[in-house]
């Protein structure tokens with residue numbers, strides 16, 4: 253009887269685990285703790301989308317914990333721009349997960365991380381994975397309920413753009429934003445995604461800086477959102493007051509590494525978010541963050 257009890261208990265636990273991971277009608281949004289970098293995965297029913305992959309293999313731990321163990325396919329993988337802390341971990345992801353579609357902004361960079369990323373994307377392409385460059389105005393549909401719209405970059409960012417000498421992670425918070433023009437560096441060339449599910453919306457900004465934010469405002473591409481992935485890890489170069497005044501996020505998520513060398517997030521950005529009554533969540537303090545929404549309300553899972 254003892255063995256029957258253990259067997260029954262194991263079956264109950266397994267069934268509970270399977271039910272927990274079985275596809276449902278909620279949108280799961282996970283901001284992975286990958287240190288100083290970005291990696292966001294959102295899933296709806298059987299469709300899984302990964303936006304960026306951090307700098308190293310930490311993203312694999314996050315995916316393993318938050319996706320069904322039997323599902324080794326990411327339907328869509330987005331590399332917002334070619335900085336190492338966004339694409340470095342994608343090489344490992346491509347080794348362990350298949351994908352239907354890889355999306356990039358077309359920018360290139362003369363670094364080892366980007367060379368490895370480019371090679372892995374090429375191998376995926378040869379294995380029949382579709383590789384696309386998407387720009388402002390493009391969109392994807394996930395089922396009948398979710399729309400993913402590309403708000404940036406504009407199409408003038410060509411495939412041959414070399415961003416080796418552009419500003420990225422080096423003391424950007426000391427840079428004064430220019431309101432009269434948009435210099436498309438690798439940061440302002442970030443793919444910006446608006447994810448809409450029924451009444452709820454989420455804005456993923458990559459490393460977009462103030463110039464890019466002002467361009468979005470100028471073109472009337474943003475309105476209030478429920479979740480904001482705070483740009484550039486909370487750097488002073490992003491999350492300008494005019495931008496916040498427009499998006500007014502209910503929830504703001506800052507993805508940064510604990511005690512990182514760039515001092516992200518900047519205290520004034522945290523204070524500014526608080527002034528707009530946004531609930532602030534930080535991977536450097538709270539680790540991986542898992543949200544769920546049924547399209548009517550959102551909760552921390």
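In our numbering, the protein residues as written are 253 to 553.
Note that beta-carbon positions come from the ideal geometry of N, C-alpha and C, so glycine has one too.
C-beta atoms of residue i and residue j nearer than 8 Å
i	j	result
residue 475	residue 510	no
residue 357	residue 328	no
residue 354	residue 402	no
residue 291	residue 314	yes
residue 447	residue 456	yes
residue 295	residue 280	yes
Assigned exposure category for residue i - 16 Cβ within 10 Å defines buried
i	result
residue 365	buried
residue 520	exposed
residue 277	exposed
residue 379	exposed
residue 319	buried
residue 274	Residue placement at residue 274 is poorly supported in this model, since its pLDDT is 49, which falls under 50; the coordinates still yield a value, given next. Residue 274 comes out exposed.
residue 395	exposed
residue 534	buried
residue 449	buried
Reduced DSSP secondary structure (H/G/I, E/B, other) of residue i
i	result
residue 344	helix
residue 297	coil
residue 466	helix
residue 385	strand
residue 432	Note that residue 432 scores 40 on pLDDT, short of 50, meaning its location in the model is unreliable; the coordinates nonetheless yield the value given after this. In the structure shown, residue 432 sits in coil (DSSP, three-state: anything other than H, G, I, E or B).
residue 496	helix
residue 542	strand
residue 448	strand
residue 407	coil
residue 327	strand
residue 537	helix
residue 398	strand
Continuous alpha helix (DSSP H) stretch holding residue i: start and end
i	result
residue 318	310 to 318
residue 376	364 to 378
residue 522	519 to 527
residue 337	336 to 339
Nearest-angstrom Cα separation, counted from residue j out to residue i
i	j	result
residue 524	residue 359	31 Å
residue 393	residue 325	18 Å
residue 493	residue 300	33 Å
residue 508	residue 490	14 Å
residue 500	residue 528	7 Å
residue 350	residue 373	11 Å
residue 423	residue 514	Note that residue 423 has pLDDT 29, beneath the 50 cutoff, so the model's placement of it is unreliable and no number is given.
residue 453	residue 331	20 Å
residue 293	residue 398	14 Å
residue 451	residue 540	25 Å
residue 304	residue 472	26 Å
residue 316	residue 282	12 Å
residue 338	residue 484	11 Å
Boundaries (first-last residue) of the beta strand (DSSP E) holding residue i
i	result
residue 531	531 to 534
residue 548	Counting along the chain, residue 548 falls outside any beta strand (DSSP E), and DSSP gives it neither H nor E.
residue 503	503 to 506
residue 440	Counting along the chain, residue 440 falls outside any beta strand (DSSP E), and DSSP gives it neither H nor E.
residue 280	279 to 283
residue 353	350 to 356
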